[in-house]
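Novice: Below: one structure in C-alpha cells.
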Amino acid sequence: CIRSQHTDRSEATAEVSLREIIGQLQDIWSATLQADAVIWRMWTNHITRGINPSTWDRAVLDSPP
Numbered sequence: 583c584i585r586s587q588h589t590d591r592s593e594a595t596a597e598v599s600l601r602e603i604i605g606q607l608q609d610i611w612s613a614t615l616q617a618d619a620v621i622w623r624m625w626t627n628h629i630t631r632g633i634n635p636s637t638w639d640r641a642v643l644d645s646p647p
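Under the working numbering, residues 583 to 647 are what the sequence shown spells out, in order.
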C-alpha cells in the first residue's frame, strides 16, 4: 500500500501523517510495549526518515530500533 505523504512547507512529514503512524504503532505494539508519548514520537520519526513513504507500512511491523 503506497501511502500519500503529507508534508509541511519545509517538506517535513506533516503532523497528520506522524499521528497516523503513532496510532498504528500503538495499535500493534501497545500490548507488548509500554512507553511515554515521546518514545512513540521518536520511533515514528525513525520510520519517517525514509524518503519513500511506501516503506512506512512495513517499518511499523518491525520491532523497535
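Think of the CB as a built atom: it goes at the ideal place given N, C-alpha and C, for glycine as much as any other residue. Small disclaimer: the values here were computed from a predicted structure and weren't measured.
SER636 by DSSP, collapsed to three states: which one?
Specialist: It is helical.
Novice: Determine the direct distance from the alpha carbon of ILE603 to that of ALA641, and round the result to whole angstroms.
Specialist: Between ALA641 and ILE603, the C-alpha separation is close to 10 Å.
Novice: Go ahead and pull the three-state DSSP assignment for ILE584.
Specialist: Residue placement at ILE584 is poorly supported in this model, since its pLDDT is 38, which falls under 50; the coordinates still yield a value, given next. Coil at ILE584, not helix or strand.
Novice: With THR630 and LEU600 assumed to form a contact (beta carbons below 8 Å), what rounded beta-carbon distance in angstroms separates them?
Specialist: The Cβ separation is near 7 Å, so the contact holds.
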